[in-house]
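Just so you know, we're using this note's numbering here: the sequence shown kicks off at 501 and counts up by one. Glycine included, each C-beta is placed from N, C-alpha and C at the ideal position. Scroll down for the structure; my scribbles are underneath it.
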Amino acid sequence: MAKNILVIGGVGYIGSHTVLQLLLGGYKTVVVDNLDNASEIAVAKVKELAGYQGNNMTFHKLDLRDKAALEVVFAGTKFDAVIHFAGLKAVGESVQKPLPYFDNNLTGTITLLEVMAAHGCKNLVFSSSATAYGWPKVVPCTEEFPLQAMNPYGRSKLFIEEICRDVHRSDSEWKIILLRYFNPVGAHPSGKIGEDPRGIPNNLMPFVTQVAVGRRPALTVFGTDYSTKDGTVVRDYIHVVDLADGHIAALHKLDDPKVGCEVYNLGTGKGTSVLEMVAAFEKASGKKIPLVKSGRRPGDAEIVYASTEKAERGLNWKARYGIDEMCRDQWNWASKNPYGYESPNSTN
Ligand code: NAD
Ligand code: WQD
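So, in structure tokens, the structure goes:
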């Protein structure tokens, strides 16, 4: 019997890629999203890419904090597990407006946990973040490292992790997998779905992409005086399809009766500097990215990359793609959809 998975925030960047992998893997999915940071076109694209398995997806436009509406979704289907992506994620905005971040991310999660418990579904996969490591003293980051929030967004992730640990302590029927993502980039190789940020992109690769398609004149490099190989910050970039597959691995893990509340890094274990990433993108796209060197961005840690051992052992999962494939697929999506899902001349 196909398993039923509820995917909250499943129209967004990582969610849409995960829903596609779920459908292709034979799962039935119910997707919930308020479309606050996503386009409904992504739902149609995922359905199309999934072929006949696209019929195994239904979509509900609703806000996670709307408990009554969520109850109706749970009343309609018995879910084997929930994957919870929904949240606000712009670090800078969270510093300016902490309360909407805590309201959306914390209230949304608490509402979800209450409704899950009421309907006897106690299997959860949650999107945490490498931001939980703050400025790590050494690398690679293992899951046992001390946690440190650098901003309200990061704090919301730490709070949710703690809430999940407490919920499991209170009731051992809960099985919860907390996935700490490193830096997701790239797109599905079809070029039909990808990241489509609203406004000025906060993250490196969406910004680079918008420079390449002519939407912005140059990339500002935040900090060239770090103690790294070329003076720029080092991160662990991970292909979004690898990340999506990590969620399928986490669902398999939930079948293990020994699972309680566990945390896993999803990264590649490789550190890449800003300038190396730009060079890889230039190679993949054939576009020159003009650079403007600037001061450090407040709050940026110098070097962050994952220890992948625990996920390799515990989830039997390992990232397959490197930065060349990430940049190839990022460019394939962007060149076909220079203005994202709303591109006037989209070739999709
Ligand atoms: P995204 O914004 O593309 O996706 C989140 C989705 O949740 C969006 O479609 C949005 O409309 C939806 N949503 C937000 N609040 C909601 C609510 N109250 N009710 C219903 N839907 C709601 O972001 P993403 O990059 O796909 O990230 C997914 C998750 O992974 C987030 O929780 C994010 O914090 C986490 N994460 C992302 C990154 C990253 O760099 N992209 C890194 C680490 C962790
Ligand atoms: C990478 C590097 C920037 C933009 C963020 C969140 C983290 C997680 C992933 C959700 C840094 C530099 C960037 C630009 C630049 N998200 N940069 N010019 O900061 O590692 O992580 O996204 O959980 O919580 O903080 O990723 O892509 O923003 O930046 O030079 O225009 O690129 O300074 O060194 P980061 P990023």
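Backbone secondary structure at residue i - three-state DSSP
{"i": "Ala-550", "result": "coil"}
{"i": "Lys-561", "result": "strand"}
{"i": "Leu-658", "result": "helix"}
{"i": "Phe-645", "result": "coil"}
{"i": "Lys-793", "result": "strand"}
{"i": "Phe-722", "result": "strand"}
{"i": "Asp-666", "result": "helix"}
{"i": "Lys-787", "result": "coil"}
{"i": "Ser-727", "result": "coil"}
{"i": "Ala-806", "result": "strand"}
{"i": "Pro-684", "result": "strand"}
Span of the beta strand (DSSP E), counted from its first residue to its last, around residue i
{"i": "Ile-676", "result": "675-681"}
{"i": "Lys-753", "result": "No beta strand (DSSP E) holds Lys-753; the alpha helix (DSSP H) holding it covers 740-754."}
{"i": "Val-625", "result": "623-629"}
{"i": "Tyr-764", "result": "761-766"}
{"i": "Ala-581", "result": "581-584"}
{"i": "Thr-529", "result": "528-533"}
Of the residues the options, the one placed nearest residue i, counting alpha carbons only
{"i": "Arg-680", "options": "Ser-807, Lys-758, Tyr-527, Ser-594", "result": "Ser-807"}
{"i": "Gly-515", "options": "Met-501, Asn-702, Ile-583, Tyr-839", "result": "Ile-583"}
{"i": "Val-530", "options": "Asn-556, Tyr-513, Ile-541, Leu-524", "result": "Asn-556"}
{"i": "Gly-769", "options": "Glu-776, Val-740, Gly-731, Lys-818", "result": "Lys-818"}
{"i": "Val-741", "options": "Val-774, Leu-520, Val-759, Arg-735", "result": "Leu-520"}
{"i": "Ile-663", "options": "Ser-594, Arg-797, His-517, Phe-626", "result": "Phe-626"}
{"i": "Phe-682", "options": "Asn-534, Ile-748, Leu-766, Lys-836", "result": "Leu-766"}
{"i": "Asn-534", "options": "Asp-730, Gly-509, Thr-518, Gly-525", "result": "Gly-509"}
{"i": "Asp-536", "options": "Glu-825, Pro-600, Thr-642", "result": "Pro-600"}
{"i": "Val-572", "options": "Pro-684, Arg-698, Leu-506, Asp-671", "result": "Leu-506"}
{"i": "Lys-578", "options": "Lys-528, Thr-611, Ile-610", "result": "Lys-528"}
Limits of the alpha helix (DSSP H) - the one that residue i falls within
{"i": "Tyr-513", "result": "513-524"}
{"i": "Cys-827", "result": "823-836"}
{"i": "Lys-810", "result": "809-814"}
{"i": "Lys-567", "result": "567-576"}
{"i": "Thr-611", "result": "608-618"}
{"i": "Val-711", "result": "704-712"}
Check: With contact counted as at least three CB pairs below 8 Å, one residue from each stretch, are the stretch 685-695 and the stretch 616-629 in contact?
Finding: no
Next item on the list: Indicate whether the contact test is met: 3 or more Cβ pairs, each with one atom in the stretch 652-661 and one in the stretch 700-710, closer than 8 Å.
Entry: no
Check: Counting Cβ pairs, one atom from each stretch, are 3 or more of them under 8 Å apart for the stretch 714-724 and the stretch 577-594?
Finding: no
Note to self: Could you check whether the stretch 632-639 touches the stretch 593-613, counting it as contact only if at least three pairs of C-beta atoms, one from each stretch, sit closer than 8 Å?
What the structure shows: no
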